Structure formats: C-alpha cells, structure tokens
Amino acid sequence: MAKFFPLLLLMLLLPVFCAAQDKISTIDSVKKTCTIVKINDGDAPKIDGDLTDGVWNLTKEYGDFTLLEPNPGGQPSQPTYFKLLYDNTAFYVYAKMVDNPENILKELAQRDNYNNTDFIGIIFDPYAAGTNGFGFYVSPRNLQLDARYVSLDEDDSWDGIWESAAKEVNDGWQIEMRIPFSQLRFPKQDIQNWNINLVRQMKKSREKGTWVKVDPTISGFLNQSGHLEGLKNIQSPLRLSLFPYVSAYYAPESNKEFKISGGLDLKYGINDAFTLDLTLIPDFGQVSFDEQVNNLGPFEVFFEERRPFFTEGLELFSRAELFYSRRIAGDNNYFNKYGVPEGKSIQDYPTKNKLLNAFKLTGRDKDGLGVGVFNAIEGRSYATLKDNETGETEKLLINSVSNFNMIVLDKNLKNNSYISFINTNVIRQGEFRDANVSGIDFDIRNKKQNYFVKGNGSFSYISEKEIAKPGYKYVIDVGKNSGNFTYDLLYQEISKRYDPTDMGFLGIFNNRSTILNIAYSTYVQSKYRNKSTSSFSVQYDRQLKPDVFANFALETGHFYLDRNFNAAQVTIRAEPVITYDYYEPRRSDFSRYYTYPTNIMVRSFISSDYRKPFALDASYNYRQWNEDGRLQHNMDLSPRIRFNDHFSIFGTVGFNKLLNDVGYAYTNQLDNEFFDQGDIIFSVRDIKTIELGLNPIILINPNLNFSLRIRNYWSQVKFDKYEKLGLDGYLVPNLLEPTGNNKFSVVEFTNFEARANWRFAPGSDIVLAWNSGNSDFSDNSNRYWKSYNGFLNKIKGNSISIRFNYFLDYAQFVKHHKS
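Add 405 to the 1-based position in the sequence shown for the working numbering, that's all there is to it.
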C-alpha cells in the first residue's frame, strides 16, 4: 500500500484546499406577492403570442427577476415581464422576454427536452406546502415542456394538455399560455392559497433567473416560491379524458405476420384532488429498447422504465424505494428459477408476461394527505415443451394470473416535511409465490429547513409452497442540507431474508452500512470559476449474518464549472484494507467469501459548453488492485454535433478493459481430477467491452420530428485459468487452463430504432417506427473489428409499426357541442 499513500493523502487534503477558495455566500429570500385578476369566460385572450388583446390591460404587470445562475442573487442582463388572468376554466399567462434577437437561442428538440434554447416557465404550488407542484415551460419556437414536482424531484415524464404560442419581436420574444384547471390538482375551497414562481433561461449567456429569489444553498425549490393572491371561487371541471389508440405491426422475418391491436387509456377526475388513470388492453410494442449488458456480477441490472403508463404520475409510488414498475408484465424467469423439467426441451415460450389491465388512483386533499393506489393484473402464460423420447408436446403454466397492488398514504408536515406509509402486495393464483411488503418513509426538517432527519423502513413477507420468509430493511439519515457546507451521516441495515423484488428492486442485502458525507459548494463567481463542489465520504460495511467486517472505503472528489461553462470533475476512491466479498461466491447462506484485494480508483469527467455547435462529454476511469497485473481502464466519449436548429447528432463511444479480473465461474457438480464436488470455481479473465451508439434527430417543427437510435455492444471474455475458492477466501492454484470453446466468450447486442412522430393535435400522435434487435453469443476469439461484418448484417428481428392515438376531452367536447 506504500505506492497508494500519496493518493490517499491527496484525498484527505483536497476538500480542505477547495473549501478555502471562497467565503460562504447567502441570499436573503424575500417573499413576493402577485395578484391575479378574474375575467369572464367569453373575454379570454387568443393564444397567439401577440399580447395585444385588450383584456391584458385589466391586470398588473410584474417583473424584477433575480439570477439563480451563474451568480445567485445578481441581476439578469435582460428584463422579463409577465401578467396573469383566469376565468372559470383556465389560467392565462402573458410573458415578455426582452433581448437582442441575435442573442436568442432557439434550437428545436423533442418534447420535454430542451437542448440549446431559451425558455420561460411558470411553476404552481396549489397547496402552498413546498412539496408538490406543476411546471409549464415554453421556448421561443413554442416547444413545450411540463413537469410534476414532488419534494426535491422533477418528473418531466408527465405530459399535460395545455396551449401555448410564442412569437419573436424586435426587442425579444413573447408567449401566451392557456393552462386548464383540469391539468392541475388543488384544494376544494373558496379562497385559494397558492404559491408560484417563474423561471427564465437565456441560454447564450447561460443565465437562469427567477421571479422570486431562489437560494441554491437552501434545500428545495418549491419552498422558495412567491404567493398568488386573488384566486377564488374556482372549480375543477369534470375531468374525463380518453386516449383511444390503434396499432398495426408487420414483421417481415416472422412469417410476414401482420397484426392490428387497439386499446384505451382513460383519465377521470373523481373530485378536485383525486384522479383515476386506467389502461385497458395496453400495447407497448413501440417502446424503446433496453441497453443490455454482459452482466457477470451477482446483482441484477437495473433498467429504466420506458412504457408511458408506468412513467407518468408515479411520484407518490417512489416512497421507500419499494416500487420497480418493470416487474409488471416483465421478463418471464420461470426456467431461470426452476429449470427445464427432466426429459423435456423448450419448444416455445413467451419471454414477457402479459398485462391485461392496470389503474392508478392518485391525489392529495386540502389537509395535505396524499393517496396513491396502484393495481395491475397479469394473465396466464404457457410454455410449449417437447418430450425428448416420444416427441410429444405439452403446455406448461409458467405464469399464473397475478395481481399487483400498491397503496401509499403520504402526509405533508410543517417545514416541507412528510411521512408516508406504503404497502405492496402480489398475489398469484395457485402455488406460485405471493409477497407482501410494508414500509414507512419520512423526511423531517427544522423550521429553517437546514437540518433534517430522514429515512425509511420496510418489512417483507414472502410465501411460497407453504414456506414463509420474513425480512426487514431500515435506513436513517441525519444531516445538514443547506448552506455552502453540508453533511450527513447515514446508517442502513438490510436483513438476510429481506426481499421486495416481486414489485421492487434489490441490490445488496444481508448488510449493515455506515456512510459519512461532507461537501462544500460555492455558487459565487470568481475570475475563472462559476461554481464548484468538493466532497469527502467514508463508508464502513459489515455483513449482518454472520456479523463480520466486509468493506471500508474513502472517497473524495471535486467538481468545477468555469466561466466559459466547461465542467470537470475528479473523484478518487480507495479501499485501503482487504474487503471480504460474501456475494461473489453465490452462496445464499453467506457461508463463503472472496478476499478482495486493496485497490484505488480515479474517475475523471469533462463536459464542454453545450452552446457550441460541437460539444463533448468525456470520461476516463482507472482502477488498480494490489495484485499483479490486475487493473481496469474505462473511457467513454459522447460527442454532440449541432448542424443547425433543426438537425443534431449525438454519439457514444465506450471502451472498457479489465485485466486479470477475478470472478465467479461455476459450482462444480462432479468430482474430477482438478476439483471436488461442491467446489466454488472462480475464473481469472480479461474482459474487453466496446459500445458504439448513434442518435441523429431531425426536427421539422415542435410537433414533427424524425429520429434514429443505433447501438452496438460487444463484450469479449478471455478466460486465462480456473481456480478453486479456498476457505480463507483466496484462490487455490491448479493446472486447469481453458482450451478450445472454453477459452473465449463473446456477447453482442445490436439494436436499431427509427421513428417518426407527429403530434397533430393536443395529446394526439401518429408514430411510425421501425425496430430491430439481435443478441449474439459465441466463442469467437477475434478482436472487435476483425469480427465486425457490417451493421446491416446484424439487423434482425425487424418490426414495422404505426400507432394512432387521439386525445378526447369531455369538457371540450361538451363546449364544442353546445357552440
């Protein structure tokens, strides 16, 4: 470890050096008030961005924005003005952004994705609690972005239905919005008590300003909003909307199969606060592909949710980390768990479980009680098996009718605090496994909201074939989350039998972990710096059963953003004592461990200014173990080329090389000249991984775009030797060396996705897609470029589809019918 000493010393001193750069800066937050004026329904302004409607003269104009970035508390270089009106059905927003037209950036992007453009946005907090809000943003080219805010999280997967128009003028640009009350949730009372704020971004100068000052050293954004006065006697209309859809699929390589399907999504406002979302006969055929990897480790890979019904309106269900929506209608793992019956072979089986229907009920009442109910039903799935002797086929039930249910009760408390109760329940018909998990989640803050105590705890109960398995988990985190200097101390304990995976996700378990985090951030500009953060952390882990030491790690890092908005970050992590890894041997009783050598890792990252036509994100990681020849190099490049405001290309190039890596290979089943039955066999191997990606996007206007997404992932494992894991956790050398087909293992994933998306009316789309995916497993010893035979040759499993969905709003339909 002597050669690691200089780096360890640097880890300890780096945060001290960086924290000495600047004094702590604070901003005095001032509560602002805006008065809104009510108008008659027939006097609403025309949403065209013109701002000449006389009705706007009835209300006061507001301005006086304050910088959030790059110099918090300063004055923006250009003024912003806005006005607000409302009638019985909607809010109306007028905003004027003064600027030199040559300085206005207006790159087009897909909805909810602002790449390189100015924008103006308004954020509503209808309960004035600082924990739940709605944001609506517009760019100079009328690109819309909307988001839900829960606590400190922003969820831009939510898509509201609202109107906007933008117009460029000689002295800047201006917008008008119409935001229906049906898109918001608010208390049922005559006099409304809302908070609001407005945000403007000027991308060329990288300025971001807010109407009410927002102090970045204070935790939270919604809780630093202004007050909205004059809003009264509003009622949410009957909130009933339908999203019928029709999809058609053609698979030219699968017997030229042509299939048509249809279904319906429904939203119904039960009252002012609660909404029911329902999907019937859902179809996820056009969902983007997952970025599969070669997973040689003991833990499951986490994949993002991409299915629309499971990405919108799920804020409440994130409490206590008990909900992983990919479990529903996910991969069928029957044969991975139970194996293939003896004497049988698989002829055919569905890789995904079938979703019949699902609903979610969400909302929050005037007393701040949030309620979330989720339910989904899967249908039966059968595999076709063949008898190896007789050749006869039979059906095997591999997934029974399954009901997934989740209930959340979330109570807002003072000082933007909350406490939640959560329960998930999975019931499967027959002898299949059932599961129940209950938990609490809380975040308690003091009056100034600069200190907190937060955490969660949950209890799981699994029932399978008359065997019950209870387990528990709890986390407690105490610290300071506001100011330039922040810190927290976290303790986590997860029992050996804790298992939320029927409806949730689980990584490490049978573990107790203590983590101390310390950080110092500065937001005040200096001659060369925009902002920076230095951090230091210590982690100490033990196994729970047996109660033994597992790991100790130190980590320090520094992030720096310069005045030209180029970013850089360096992180150093060291494990200076031997680690005892109880997961890699793959023993469920944790009776064996692998002695993991001391090591040190350096991670680095740079990101150039995205305002430039060419920008680059690049990272390089290096890790070295205190073991001969064992090290890792990892490099990722992500170039971004903007040809004009309508056409951009995003790319990825990744390379990872692990030399003399050590990991689990198999458990020996029979005695032989090298190993005894039951021996745990590890392999010493070299792993090379290359990943290439390309994503060009053409945007005709905010509502019509074309995109292409290509990915090729190649991972080759070269096995150098197999060795038995000794009882002391070290490998026992022997003479067995891999030969022939056992020398190399190659995994390759190739995906292709072309898509045209046209939003022809609010909430209504036509999507044309071409999807292809291919997985290849081989023992090829060639290098990547020698084995590469052209991307087009790898495109298999083609599917061409078109989907038509239409938004029908009951209130608008009735209004149109009466007129």
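We treat Cβ as the ideally placed atom computed from N, Cα and C, and that holds for glycine. Since we're looking at a predicted model, the values are computed, not measured.
Residues sharing a beta bridge with residue i, DSSP
i, result
"Trp578", "Met502 and Glu573"
"Asn600", "Asp530 and His632"
"Phe694", "DSSP, once it has assigned bridges, lists no residue as partnering Phe694."
"Ala972", "Leu966 and Ser1012"
"Ile525", "Val543 and Arg605"
"His1051", "Answer by DSSP bridge pairing: none, since His1051 is not bridged."
"Ala840", "Val831 and Ile867"
"Met1040", "Tyr1025 and Phe1060"
"Ile824", "Lys816 and Phe847"
"Asp551", "Phe541"
"Met1006", "Arg978 and Arg1028"
"Ala1070", "None; Ala1070 has no bridge partner."
C-alpha gap between residue i and residue j, whole angstroms
i, j, result
"Glu836", "Thr1072", "29 Å"
"Tyr925", "Thr938", "6 Å"
"Val806", "Phe591", "38 Å"
"Ser652", "Arg712", "15 Å"
"Lys742", "Lys819", "47 Å"
"Tyr892", "Tyr554", "24 Å"
"Phe539", "Val776", "18 Å"
"Asp815", "Phe679", "14 Å"
"Arg1028", "Thr976", "12 Å"
"Asn830", "Asn758", "18 Å"
"Gly1168", "Lys618", "34 Å"
"Ile527", "Glu466", "15 Å"
"Phe1079", "Gly744", "27 Å"
"Pro905", "Ala1159", "36 Å"
"Asp446", "Met582", "16 Å"
"Arg850", "Gln897", "20 Å"
"Asp427", "Tyr965", "Unreliable positioning characterises Asp427 in this predicted model, as indicated by a pLDDT of 44, which lies under 50. A coordinate reading is not provided."
"Ile1054", "Arg1016", "14 Å"
"Ser641", "Ile596", "14 Å"
"Thr927", "Ser1013", "20 Å"
"Asn737", "Asp576", "59 Å"
Rounded Cβ spacing between residue i and residue j (contact assumed at less than 8 Å)
i, j, result
"Ala571", "Asp560", "Not confirmed; about 24 Å, so no contact."
"Val813", "Ile827", "5 Å"
"Tyr499", "Phe487", "6 Å"
"Leu603", "Trp616", "4 Å"
Secondary structure of residue i, DSSP reduced to three states
i, result
"Trp616", "coil"
"Arg1188", "coil"
"Arg731", "helix"
"Pro713", "helix"
"Gln1217", "helix"
"Ser1183", "strand"
"Leu719", "coil"
"Leu1136", "strand"
"Val460", "helix"
"Arg978", "strand"
"Asn1031", "coil"
"Thr431", "Bear in mind that a pLDDT of 38 at Thr431, under 50, signals an unreliable position, so the model cannot answer this."
"Asp677", "coil"
"Phe586", "helix"
"Gly479", "coil"
"Ala725", "helix"
"Leu627", "helix"
"Asp448", "helix"
"Gly1145", "helix"
"Ala424", "Below a pLDDT of 50, predicted positions are generally treated as unreliable, and Ala424, at 42, falls in that range; no measurement from the model is reported."
Residue i beta carbon near the ligand NAP (any heavy atom closer than 8 Å)
i, result
"Lys819", "As presented, the structure is devoid of all ligands, the ligand NAP included, so that no description of it is given."
Residue range of the unbroken beta strand (DSSP E) whose run includes residue i
i, result
"Asn1110", "Leu1109 to Leu1130"
"Tyr655", "Leu645 to Ala656"
"Tyr856", "Tyr856 to Glu869"
"Asn935", "Arg934 to Gln948"
"Met811", "Ser807 to Leu818"
"Thr1094", "Ile1085 to Asn1106"
"Glu559", "Asp558 to Asp560"
"Arg769", "Leu760 to Arg769"
"Gln897", "Phe890 to Ile899"
"Thr440", "Thr438 to Thr440"
"Gly775", "Leu774 to Glu783"
Residue range of the alpha helix (DSSP H) that includes residue i
i, result
"Tyr739", "Tyr739 to Tyr743"
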